[in-house]
Amino acid sequence: MDGREIPGFYFDTEKKKYFKIQTPRHAPAPDSKYTIDNIRKERKRQKIRHDVELKEKKLQKETIVRRFLNDPIMHASLDREMGLRKTSYYMHTAWPDACISPVSNRPHVVVDRPKPSIVRLFDRDPKTKTLYAVHADNQIKRRRINTPDNVPLPPPDREPEQAFHTATPSEYSFEPWDELHRLTSPISSLQYLPTTGTLVATAYGADRPPVVHFSNPDPDGPYVAQQFTPTGTTSIWTSRAPPVSFSAPPSTMSSSSVAASDTEAVAVGTSNSLLVFKRLPCGQWNVTTPFESKADVLTLDWLAPTTIAMGCRNGKIHLYDTRSQGSSTILRHPFPITSLRRADDETRLVCAGLEDSLYLYDIRSSRRSKSSVNSGNDHHYNKKYFEYMYPDRRSRKKRRTMQHVASRDWSQPVLTFEHSNKDGSALAIDVHPQMGLVAAAQDNAPETPAVRIHNLWTGKLAKEIERTGPMQNPEKLYQNQIQCLKFMDFEEGVELWSTWSGSIVKFK
Numbered sequence: 001m002d003g004r005e006i007p008g009f010y011f012d013t014e015k016k017k018y019f020k021i022q023t024p025r026h027a028p029a030p031d032s033k034y035t036i037d038n039i040r041k042e043r044k045r046q047k048i049r050h051d052v053e054l055k056e057k058k059l060q061k062e063t064i065v066r067r068f069l070n071d072p073i074m075h076a077s078l079d080r081e082m083g084l085r086k087t088s089y090y091m092h093t094a095w096p097d098a099c100i101s102p103v104s105n106r107p108h109v110v111v112d113r114p115k116p117s118i119v120r121l122f123d124r125d126p127k128t129k130t131l132y133a134v135h136a137d138n139q140i141k142r143r144r145i146n147t148p149d150n151v152p153l154p155p156p157d158r159e160p161e162q163a164f165h166t167a168t169p170s171e172y173s174f175e176p177w178d179e180l181h182r183l184t185s186p187i188s189s190l191q192y193l194p195t196t197g198t199l200v201a202t203a204y205g206a207d208r209p210p211v212v213h214f215s216n217p218d219p220d221g222p223y224v225a226q227q228f229t230p231t232g233t234t235s236i237w238t239s240r241a242p243p244v245s246f247s248a249p250p251s252t253m254s255s256s257s258v259a260a261s262d263t264e265a266v267a268v269g270t271s272n273s274l275l276v277f278k279r280l281p282c283g284q285w286n287v288t289t290p291f292e293s294k295a296d297v298l299t300l301d302w303l304a305p306t307t308i309a310m311g312c313r314n315g316k317i318h319l320y321d322t323r324s325q326g327s328s329t330i331l332r333h334p335f336p337i338t339s340l341r342r343a344d345d346e347t348r349l350v351c352a353g354l355e356d357s358l359y360l361y362d363i364r365s366s367r368r369s370k371s372s373v374n375s376g377n378d379h380h381y382n383k384k385y386f387e388y389m390y391p392d393r394r395s396r397k398k399r400r401t402m403q404h405v406a407s408r409d410w411s412q413p414v415l416t417f418e419h420s421n422k423d424g425s426a427l428a429i430d431v432h433p434q435m436g437l438v439a440a441a442q443d444n445a446p447e448t449p450a451v452r453i454h455n456l457w458t459g460k461l462a463k464e465i466e467r468t469g470p471m472q473n474p475e476k477l478y479q480n481q482i483q484c485l486k487f488m489d490f491e492e493g494v495e496l497w498s499t500w501s502g503s504i505v506k507f508k
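Residues in the sequence shown are numbered from 1 upward in steps of one, following the UniProt record's numbering.
Next comes the structure, spelled out in structure tokens:
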């Protein structure tokens, strides 16, 4: 007998025979094993055993057995390259503090405030050291570095007060500002692409529609650009190009070259979608709309050469893959997101939002259950958190409701950083993954520093940069907002550049 199923009969694999399935009251004593209830139980057990066997086979097939090498030196190198070698305690704790401790709290002026205007955003060509800056709302200007035959500079040992009350010569002091473009509405982002020398600017949009502006200032000159006006979009909030380090290892590519197989791309976040611009071989740019959102895409960053993370006004963090052209919601921040930056790995990102929130997320972490939120003090959104957010006794019902919302929707952060940003959407942050540092601009709350620098791996505060000079004026809130904050790599080391009450300063 082959064991095929016959209606009303059960095939016993041990006895190799068919037995008629009977009800318990009609089945004789020796055949009580083959009642309807017993047959159902036996088939259920067989299904469970079958599923377990399939799972074990699948696990065995997908598991790669690690081979041990005879040479211990090669074994150690392999562990390091595969990411299996854990970073030492001193690397995570002492290294970031050692990197930031020599940095002075005193700002060194790079470019003085261009009165009566102010500098809101800036970027720098790492090869020619040319500065590109946004003056006032809609002007884009360029300032070149001093030529060798210019006036020699004095030694940089001025007092902090003199840095803002007198003329402070620097390597940019003796060259004029060259106007390049004027957009039709306030500029929301500015970025220089060192690979091809392209300057990318986006405008919010007001009486005129929002635009995305591409230009090559050096070969083309001023007022020559390719401009896009996306349809169905009320605002453009941000733009971001993948770092040059994604193209190739530093040892094989200079900072001003592009691999032959690479296509330069720029991601743009709008009021209802993600736009991806790609540069054609002829130098022109084309645009696609791979992702549409119900909320404003306020910020974005590239986690990998083919992966874009987007932060929205409703707190959702979406992930888009350029290869599969698919997207998914991976994390949920409790407040509107103002800035996203890739951390030390493509699975970790730093997220800044309103209500003093600055968190480190890991996209691999799962959301905890409601019971763990209620009972676990190690959970970020525990009872103490909601008692701090809603201290009033009459808010007991609201605390319970928000605790349920947190367990259902909000993602658990890996680390939290001390931050002050109650309702400002323009404050900048930046991350230096090699040094393990997170720099975040603070709002103008009383007794709040201008910039806080944290340890990326422990969350501890590494340095505070206090407000000096005109940054102490409480009446100039908009002018004193730090909208641009960047870690700059030089041969001598790393410097932190920032807008500072309408000027550009550096901390070194």
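Positions of the beta carbon are idealized from the N, C-alpha and C atoms, including for glycine.
Close Cβ partners of residue i (< 8 angstroms) along its chain, the five nearest in sequence each way excluded
i, result
"Asn286", "Phe277, Lys278 and Leu280"
"Ser261", "Bear in mind that a pLDDT of 42 at Ser261, under 50, signals an unreliable position, so the number given afterwards is only what the model happens to contain. Nothing meets the Cβ criterion."
"Ala265", "Ala241, Pro242, Val276, Phe277, Lys278, Arg279 and Thr322"
"Ser425", "Leu298, Pro336, Thr338 and Leu354"
"Ala98", "none"
"Glu56", "none"
"Ala445", "Ser420 and Lys422"
"Glu5", "Phe11"
Residue j beta carbon less than 9 angstroms from that of residue i
i, j, result
"Ala267", "Arg240", "yes"
"Gly353", "Asn421", "yes"
"Ser365", "Ile118", "no"
"Ile39", "Tyr10", "yes"
"Arg332", "Ala309", "no"
"Leu199", "Gln483", "no"
"Leu319", "Thr338", "no"
"Phe291", "Ser327", "yes"
"Phe417", "Leu340", "no"
"Arg313", "Val414", "no"
"Gln412", "His380", "yes"
"Pro96", "Leu437", "yes"
"Ile236", "Pro230", "yes"
"Gln434", "His419", "no"
"Phe194", "Val244", "First, the residue type needs correcting, since residue 194 is Pro and not Phe in the sequence shown. Yes."
Chain-order list of residues whose beta-carbon lies under 6 angstroms from that of residue i (same chain, five-residue window excluded)
i, result
"Arg467", "Ala450"
"Asp430", "Ala439, Leu485, Lys486 and Phe487"
"Ala203", "Leu183, Ser185, Ile187, Pro210 and Val211"
"residue 511", "Nothing about residue 511 can be reported from this structure: the residues present for the chain run from 1 to 508 only."
"Glu495", "Met488, Lys506 and Lys508"
"Gln139", "Arg182"
"Glu492", "none"
"Val103", "Phe507"
"Arg399", "Phe386 and Tyr390"
"Ser215", "Leu199 and Ala225"
"Thr234", "Ser271"
Anticipated Cβ contact below 8 angstroms, residue i with residue j, distance rounded
i, j, result
"Lys129", "Glu179", "That pair is no contact at about 19 angstroms."
"Gly269", "Thr238", "5 angstroms"
"Ile100", "Lys476", "28 angstroms between Cβ atoms; not a contact."
"Val111", "Ile504", "4 angstroms"
"Val134", "Leu190", "5 angstroms"
"Gln284", "Gln226", "7 angstroms"
"Tyr132", "Tyr223", "About 15 angstroms separates the two Cβ atoms, so there is no contact after all."
"Asn272", "Gly232", "7 angstroms"
"Glu346", "Leu300", "About 14 angstroms; that fails the 8 angstroms criterion."
"Ile465", "Asn105", "5 angstroms"
"Gln481", "Leu427", "7 angstroms"
Cβ of residue i within 9 angstroms of any chain D Cβ
i, result
"Glu346", "Of the protein chains in this structure there is only one, and it is not chain D."
Own chain residues within Cβ distance below 7 angstroms of residue i, not counting five before or after
i, result
"Pro250", "Per-residue confidence for Pro250 stands at a pLDDT of 40, beneath the threshold of 50, marking its modelled position as unreliable; the derived number appears in the next sentence. Nothing meets the Cβ criterion."
"residue 547", "Residue 547 is absent from the model: the chain starts at 1 and stops at 508."
"Pro114", "His135 and Trp177"
"Asp12", "Phe19"
| request: Report the residue ranges of all beta strand (DSSP E) runs contained in full by the stretch 90-126; include only those spanning at least 3 residues, in chain order. | output: 108-111 and 119-124
| query | Can at least three beta-carbon pairs, one atom from the stretch 181-197 and one from the stretch 206-218, be found at a separation below 8 angstroms? | reply | yes
| query | If you pair each beta-carbon of the stretch 128-147 with each one of the stretch 167-179, do three or more pairs fall below 8 angstroms? | reply | yes
| Should the stretch 449-467 be regarded as contacting the stretch 92-104, the criterion being three or more beta carbon pairs within less than 8 angstroms? | yes
| task | Write down every uninterrupted run of the beta strand (DSSP E) in the stretch 159-241 whose length is 3 residues or greater and which is fully enclosed by it, in chain order. | result | 178-182, 187-193, 198-203, 212-215, 226-228 and 236-240
| query | Can you list the alpha helix (DSSP H) stretches of 4 or more residues lying completely in the stretch 370-423, in chain order? | reply | 370-375, 383-389 and 396-408
| message | Report the start-end ranges of each alpha helix (DSSP H) in the stretch 301-381 that is 4 residues or longer and not cut off at the edges. | response | 370-375
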